[in-house]
Amino acid sequence: MARLTVYGARGSFPVFGDAYRRYGGQTSCFAVENDQGILVIDAGTGIRDLGQQLNELKVLPPITILFTHLHLDHLLGLAAFKPLLRRDAKITFMGDAKVHGDWPRVLQGLISAPYWPVDLIHMGAELSFTPLPAKGPLALYGHEIRSCPISHPQGCLGYRIESGKRSLVIATDYEIGEEMFDRGFAAFAKGADILVHDAQYTPDDYGAHKGWGHCTWQHAVETAERVGSKELILTSHDPVRTDEAVDRLLAAARARFPKSAAATPGMTLDLSQ
Ligand SMILES: [Zn+2]
């Protein structure tokens, strides 16, 4: 059985406090788990909670971490990912130089002096830094994984994961409106059962944030309709968006696309049926 679990759905920066209890303050982190391994997408602060859970296990599964992009909110939790400290852990990082540049250097630079007391490569786990295949899907843990460039400052990847019976597309940071990207993404995401999509803004606050690399719930709904997805999961909640404000954003999306939900830590979706 494969399942998707959300560990962090906040965009831009972590937030804390009573106003954010239900949709959480942890930044971007998703995991697709089955009996062959754990595929992690993004290492925002949500990855710390995943790491705490994995650290309870006597025998760790193989772990692969993919990144949508390298903005800080997608990396902030990595240093606190407990399996990095275990000598029995095998962790593979994967990236695409076309979009992420010299990403192994970026990761190793971020988790090293003066930013962190222990270098990433000396934390204990056996690490590998592997490029995503230049062509064709990546076959891993029984999944077929594809990536697609989407419009965001410095570039970003969307991922499509075919697993079991259901297909999943994740596009955490994506500003709709550049036809070249939108056409490519529409073909890439076509027919996805589950679409996890950026919905950082409302149509009201988008005007002041045009060009910042995110879109509105309305754009997310239009994309879900365009690609014919069955379920839409809204993510990258703006740091200013309290639980009540996410509820209002979600209600507006549901009025147009009833099978919408807002990503929240602990949410799980079965991909096998
Ligand atoms: Zn970003």
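If you use our numbering, the sequence shown corresponds to residues 374 to 646, in order.
Idealized CB from N, CA, C, for every residue including glycine.
{"query": "Which of helix, strand or coil DSSP assigns to R556", "result": "helix"}
{"query": "Exposure of L445, with buried meaning 16 or more beta-carbon neighbours within 10 Å", "result": "exposed"}
{"query": "Check: G381 C-beta below 7 Å from any heavy atom of ligand 1", "result": "no"}
{"query": "Reference G550, options K583, L568, S633, closest by Cα", "result": "K583"}
{"query": "Inter-residue Cα distance where the pair is G497 and T596", "result": "42 Å"}
{"query": "Beta carbon of R599 nearer than 8 Å to that of A634", "result": "no"}
{"query": "Alpha carbon of I534 to alpha carbon of H516, nearest angstrom", "result": "6 Å"}
{"query": "Terminal residues of the beta strand (DSSP E) in which T545 lies", "result": "Taken as a continuous stretch (DSSP letters only), T545 belongs to no beta strand (DSSP E), as it is neither H nor E."}
{"query": "heavy atom of ligand 1 below 7 Å from G584 C-beta", "result": "no"}
{"query": "Identity of the residues DSSP links to N407 by a beta bridge", "result": "G410"}
{"query": "L423 to S645 span [Cα, whole Å]", "result": "21 Å"}
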